[in-house]
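Line by line, the protein sequences give chains L and B.
Take the first sequence: its position 55, counted from the start at 1, is 55 in the numbering used here, and no numbers get skipped.
Take the second sequence: its position 132, counted from the start at 1, is 132 in the numbering used here, and no numbers get skipped.
No residue lacks a Cβ here, since even glycine has one placed at the ideal position from N, Cα and C.
Scroll down for the structure; my scribbles are underneath it.
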Amino acid sequence: MTAEDFKQQMMPYARKLYPMMKRILCSDEDTRDALQELMIRLWNKRKDLKDCQNLDAYVAVAARNFCYDVRKRKKIPSSDYQLEITLPGVKLESQLDASEKLSWVHQVISQLPEKYREVLLMREMDGLSIEEIHHLTGYEMPYIRVLLSRSRTRVREEIEKIYNYEGRTIDTA
Amino acid sequence: MKEELSILLEKYYRGDTTLIEEKTIRDGVSNMKEPDSLHDVFAYYDSAKHLPEDILEEVFTGLDRQEKKRRLPTWSYSATAAAASIIFFMMAWSIHQNKINREQQFALMENALVSVSEGLQPVEEDQEMLVLWVDEDVEIIIN
Chain L
1 MTAEDFKQQM MPYARKLYPM MKRILCSDED TRDALQELMI RLWNKRKDLK
51 DCQNLDAYVA VAARNFCYDV RKRKKIPSSD YQLEITLPGV KLESQLDASE
101 KLSWVHQVIS QLPEKYREVL LMREMDGLSI EEIHHLTGYE MPYIRVLLSR
151 SRTRVREEIE KIYNYEGRTI DTA
Chain B
1 MKEELSILLE KYYRGDTTLI EEKTIRDGVS NMKEPDSLHD VFAYYDSAKH
51 LPEDILEEVF TGLDRQEKKR RLPTWSYSAT AAAASIIFFM MAWSIHQNKI
101 NREQQFALME NALVSVSEGL QPVEEDQEML VLWVDEDVEI IIN
């Protein structure tokens, strides 16, 4: 396998795993370094990758474990869930309004119990399959579906509560 | 279309949708004219997917650099070993040559000194001798 073949094979994984890695490491710089180091490790193990039966799960698990190792090594505090909200392609005047709405969503998601939030974000942000989430978390697949169902429903209910409240506040004002 | 979306949404909230169905839901929600909370929720998820453009290039450029760096020691070890062998043989050859040269110089010097020494010796003159008597037991010679 040439370096170019490897790059073509791993590019989609790097793109897919970046948000999850950033959620664990909390900074762009650390995530960038970790992703680079992870790719070098995978390149060094490229002979094993050929025989890997579930490469998607293997790479995802390697990325997650590596990020937790980095977090431990660098003594990065396991702070609350944080996310830098960026809205590519949204006009500046719409940014404030849109950012406010996204902040409410963020607030709701950050208040979910950790395992609900973890599974929800793996599915919705990282686009991971149920099987990949199973490999990453160790939860059984039916349980993952239950967690997804509950977390999605809770997010919808909480957001609608906020919107109804905001709507009433604006109406009365 | 709306009915299909509504069925998919029920499935979505039960946690039973596939990734492809979820993509269909997202497309459907983004095309909805009336504002919906789900629209903002999906916008939130998408906002986190934004990956700085330069990152992937940088990550894989780093990989190329690392690979070159990794290759260098193999090459440099061989080169170093070859250079060390050459230097070793050159030194051994040089020591051997010096030894031979010293022996040759010593022999040359010795010969020269012998020649000088012989040159300094007075020439022995042939002395005339008068042999008076010679037999088996007695020899009488007069210088």
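Can you give me the Cβ contacts of F176 (chain L) inside the same chain, cut-off strictly under 7 angstroms, excluding the 5 residues immediately before and after it? Only positions 1 to 173 of chain L appear in the structure, and residue 176 (chain L) is not among them; the question remains open.
Should E124 (chain L) and Y45 (chain B) be called a contact, given that it needs their Cβ atoms to be closer than 9 angstroms? yes
Same chain, Cβ closer than 6 angstroms to T130 (chain L), five either side skipped, listed in chain order: Per the sequence presented here, residue 130 (chain L) reads as Ile, with Thr not at that position. If we look at I130 (chain L) and ignore the five residues flanking it on each side, its Cβ neighbours are M141, I144.
Would you please verify whether the beta carbon of V29 (chain B) is less than 9 angstroms from any beta carbon of chain L? no
Determine, for A3 (chain L), whether the minimum Cβ-Cβ distance to residues of chain B falls below 9 angstroms. yes
Per DSSP, what are the beta-bridge partners of W133 (chain B) in this structure? B:I140
For the alpha helix (DSSP H) that contains C67 (chain L), what are its first and last residues? 55-73
What three-state label does DSSP hand Q121 (chain B) in the structure shown? coil
Tell me the rounded alpha-carbon separation between P122 (chain B) and E110 (chain B). 20 angstroms
Taking the alpha helix (DSSP H) that P35 (chain B) belongs to, which residues open and close that run? Unbroken run through P35 (chain B): none, as it is neither H nor E.
Using 8 angstroms as the cut-off, can you tell me whether the stretch 55-68 of chain L makes contact with the stretch 34-43 of chain L, which would need three or more C-beta pairs spanning the two stretches below that distance? yes
How long is the line joining the alpha carbons of M129 (chain B) and D137 (chain B), rounded to whole angstroms? 19 angstroms
At the level of alpha carbons, what is the spacing between N98 (chain B) and F106 (chain B)? 12 angstroms
C-beta contact flag for M21 (chain L) and A63 (chain L) at 9 angstroms: yes
Backbone secondary structure at T18 (chain B) - three-state DSSP: coil
Does chain L have any CB closer than 9 angstroms to the CB of Y13 (chain B)? yes
Name the chain L residues that come within less than 8 angstroms of L56 (chain B), Cβ to Cβ? M11, A14, R15
Would you identify the three-state DSSP class for T2 (chain L), choosing helix, strand or coil? coil
What's the gap between the Cα of I95 (chain B) and the Cα of S115 (chain B)? 30 angstroms
Close-in-space but distant-in-sequence residues of the same chain around L120 (chain L) (CB under 6 angstroms, 5 per side omitted): S151
Let me see if you follow: with CB-CB separation under 9 angstroms, is M125 (chain L) close to chain B or not? yes
Helix or strand or just coil, what does DSSP make of L113 (chain B)? helix
Taking the alpha-carbon positions, what's the K75 (chain L) to E29 (chain L) distance? 15 angstroms
Please report whether the beta-carbon of K101 (chain L) lies at a distance below 9 angstroms from any beta-carbon of chain B. yes
Relative to the alpha-carbon of V61 (chain L), which residue among L:E132, L:N164, L:T153 has its alpha-carbon at the smallest distance? L:E132
So I40 (chain L) packs on W104 (chain L), CB below 8 angstroms; how close in whole Å? Between W104 (chain L) and I40 (chain L) the Cβ distance is about 40 angstroms, and since that is not below 8 angstroms, they are no contact.
Between L:L55, L:I24, L:D56, which has its C-alpha nearest E114 (chain L)'s C-alpha? L:I24
D133 (chain B) and I142 (chain B) look like a contact to me (Cβ under 8 angstroms); what is the Cβ gap, rounded to whole Å? The sequence given here has Trp at residue 133 (chain B), not Asp. W133 (chain B) to I142 (chain B), Cβ: 10 angstroms. No contact.
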